[in-house]
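Residue 30 in UniProt numbering is what sits at position 30 of the sequence shown, and the numbering runs on without skipping anything. Working notes, beginning with the structure itself.
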Amino acid sequence: AATQIAKLRGAEVFGTASAAKHDAIRAQGVDHPIDYRTQDFRREVRRLTGQKRPLDLALDAIGGSSFRKSFSLLRAGGRLVPFGASSAMTGDRRDIPGSLRMLATTPIFHPLGLMSSSRAVIGLNLLTLWDDRGTLEEYVEPLRAWAEAGRIRPVVAEAFPLEHGADAHRYVQEARNVGKVVLTV
Numbered sequence: 001a002a003t004q005i006a007k008l009r010g011a012e013v014f015g016t017a018s019a020a021k022h023d024a025i026r027a028q029g030v031d032h033p034i035d036y037r038t039q040d041f042r043r044e045v046r047r048l049t050g051q052k053r054p055l056d057l058a059l060d061a062i063g064g065s066s067f068r069k070s071f072s073l074l075r076a077g078g079r080l081v082p083f084g085a086s087s088a089m090t091g092d093r094r095d096i097p098g099s100l101r102m103l104a105t106t107p108i109f110h111p112l113g114l115m116s117s118s119r120a121v122i123g124l125n126l127l128t129l130w131d132d133r134g135t136l137e138e139y140v141e142p143l144r145a146w147a148e149a150g151r152i153r154p155v156v157a158e159a160f161p162l163e164h165g166a167d168a169h170r171y172v173q174e175a176r177n178v179g180k181v182v183l184t185v
């Protein structure tokens, strides 16, 4: 839904995915698919825009050095929203060396540095928001209204019966999905 929301707001959207998923993310509204396996996304965004710091918002689910690259693309007033750390996973299990590498390459953002650059880092953890129903409702209500009006449509990659939850989890960990994976009851 992030791409659809960005397009509703008039944004030009850059998205990283393997080349095999480029058609799918284009269909969701991504203007510039970038193959993270073969291209440096920071260099590619700069090449496509002709600007050193062109982004207003960067959503980053990769972690580690990807946070640093995403942050370096933000213009003054830009925001980085880290919401995952997929670089710490390999296949269907936690990758301990990968986790250590991700931790070692994750930048530390100092408040004075953020102030002097007029950029922000805003963490997102839905587990924390889940316990604060009021705040969660504030965020969800506009999305619900847009969905009911047909302005955004959740993209479901695959639906699994609840009893095949382990298969669904493996499907996500193997990065086979483009969109949400749903458990049905």
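Quick reminder that beta carbons are idealized off the backbone N, C-alpha and C, glycines included.
The alpha helix (DSSP H) runs lying completely inside the region 47 to 122 and spanning 4 residues or more are 65 to 72, 96 to 105, 111 to 117, given in chain order.
Nearest to D31 by C-alpha distance, out of L183, T38, A6, is A6. Between S18 and D40, the CB-CB gap reaches or exceeds 8 Å. Remark: C-beta atoms of L57 and R79 approach each other more closely than 8 Å. Here Q4 is buried. Its C-beta has 16 or more other C-beta atoms within 10 Å. Comparing C-alpha distances from G98 to each of F109, I108, S86, P107 shows the shortest one belongs to S86.
Bounds of the beta strand (DSSP E) holding E158 are 156 to 161.
Each of L74, A20, A27 was checked against the Cα of R42, and the nearest Cα belongs to L74.
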